[in-house]
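Undergrad:
Number of protein chains: 2
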Amino acid sequence: MDGDEDISTTGEEFGREVGQQLRAVRRMRFMSLKDVEEKSGGRWTAVAVASYERADRQLKVEYLAELAGFYRVRVGDLLPPEPLAA
Amino acid sequence: MDGDEDISTTGEEFGREVGQQLRAVRRMRFMSLKDVEEKSGGRWTAVAVASYERADRQLKVEYLAELAGFYRVRVGDLLPPEPLAA
Chain X
1 MDGDEDISTT GEEFGREVGQ QLRAVRRMRF MSLKDVEEKS GGRWTAVAVA SYERADRQLK
61 VEYLAELAGF YRVRVGDLLP PEPLAA
Chain G
1 MDGDEDISTT GEEFGREVGQ QLRAVRRMRF MSLKDVEEKS GGRWTAVAVA SYERADRQLK
61 VEYLAELAGF YRVRVGDLLP PEPLAA
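In the order they appear, the protein sequences are chains X and G.
Just so it is clear: in the first sequence, position 56 is 56 by this note's numbering, and no numbers are missing.
Just so it is clear: in the second sequence, position 62 is 62 by this note's numbering, and no numbers are missing.
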């Protein structure tokens, strides 16, 4: 048995790391949460982005791709570096 | 203006491609939807996995990581190859 716990912990941890990457990318763009709301024309509210960054709100894969587009980075840039699964 | 439509289309398209990758990885493992339900001890029901694969149900980033763990692939293997954002 490899353990269900392992797997779900990985999911949660992964989610947190994606949030941290989102914040890092926003800062790389020198944007405040409010800037994101303004520049996205309200598509991304400051509150929503803040919750995604804190991983309080679970981010859908679709949104991840949209946010990558918004920040003009690759989706892969929003993901934590991966330890090889094995 | 780069267009909000561009961005959201990318999100939806991306979601569909992730679903296709999920299906491809399951088949690579020679698993039926029912196998997934059984081998995951019900963590992933056949119905849920089928909807993720069809992109009928939006997949959360956390689940993406968990599914990658379940199939023993990297999260990156579940994502479509990316055209460089530029």
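We put the CB at the ideal spot given by N, CA and C, even for glycine.
As the structure is a prediction and not an experimental result, all values here were calculated from the model.
Name the residues in the stretch 46–61 of chain G whose C-beta lies less than 7 Å from a C-beta of chain X; which are they?
TA: Q58, L59, K60, V61
Undergrad: List the residues of chain G whose Cβ lies closer than 9 Å to the Cβ of V120 of chain X, in chain order.
TA: Any property of residue 120 of chain X remains undetermined from this structure, which presents chain X solely from 1 to 86.
Undergrad: Let's see if you can read the secondary structure: which residues bound the alpha helix (DSSP H) around D35 of chain G?
TA: Mapped onto the second sequence, residue 35 of chain G falls at position 35. Unbroken alpha helix (DSSP H) run through D35 of chain G: 33–39.
Undergrad: How far does the alpha helix (DSSP H) with A48 of chain G in it reach, from first residue to last?
TA: Locating residue 48 of chain G in the second sequence gives position 48, counting from the first residue. It spans 46–54 - the alpha helix (DSSP H) in which A48 of chain G sits, taken as one unbroken run.
Undergrad: Could you list which residues in chain X have their beta carbon closer than 8 Å to that of G42 of chain G, in chain order?
TA: Translated into positions along the second sequence, residue 42 of chain G becomes position 42. Within chain X, not a single residue places a beta-carbon under 8 Å from that of G42 of chain G; the smallest gap is close to 10 Å.
Undergrad: Counting Cβ pairs closer than 8 Å, one from the stretch 11–25 of chain X and one from the stretch 49–69 of chain G, do we hit at least three?
TA: yes
Undergrad: How would you label F70 of chain X, buried or exposed, when you count the other beta carbons within 10 angstroms and need 16 or more for buried?
TA: Here residue 70 of chain X refers to the residue found at position 70 of the first sequence. Per the 10 Å Cβ criterion, buried.
Undergrad: Please list, in chain order, all residues of the same chain as T45 of chain G whose beta carbon is under 6 Å from its beta carbon, the five residues on each side excluded.
TA: Here residue 45 of chain G is taken as the residue at index 45 of the second sequence, counted from 1. Around T45 of chain G: E37.
Undergrad: I need the straight-line Cα distance from R27 of chain X to V25 of chain G, nearest angstrom please.
TA: As a first step, residue 27 of chain X is located in the first sequence; it is residue number 27 there, counting from the start. As a first step, residue 25 of chain G is located in the second sequence; it is residue number 25 there, counting from the start. So the alpha carbons of these two residues sit roughly 35 Å apart.
Undergrad: With respect to the alpha helix (DSSP H) encompassing L67 of chain G, which residues constitute its N-terminal and C-terminal limits?
TA: Indexing the second sequence from 1 puts residue 67 of chain G at position 67. Unbroken alpha helix (DSSP H) run through L67 of chain G: 61–71.
Undergrad: Exposed or buried, V47 of chain X, counting other C-beta atoms within 10 Å across all chains shown (16 or more means buried)?
TA: Position 47 of the first sequence, counted from the first residue, corresponds to residue 47 of chain X. Answer is exposed; the Cβ neighbour count stays below 16.
Undergrad: Under a three-way DSSP split, which group does R74 of chain G fall into?
TA: Indexing the second sequence from 1 puts residue 74 of chain G at position 74. Residue state, collapsed to three classes: coil.
Undergrad: Can the beta-carbon of E53 of chain G be found less than 7 Å from the beta-carbon of L22 of chain G?
TA: Sequence index remark: in the second sequence, residue 53 of chain G carries index 53 (1-based). Sequence index remark: in the second sequence, residue 22 of chain G carries index 22 (1-based). Cβ distance < 7 Å, so E53 of chain G and L22 of chain G count as in contact.
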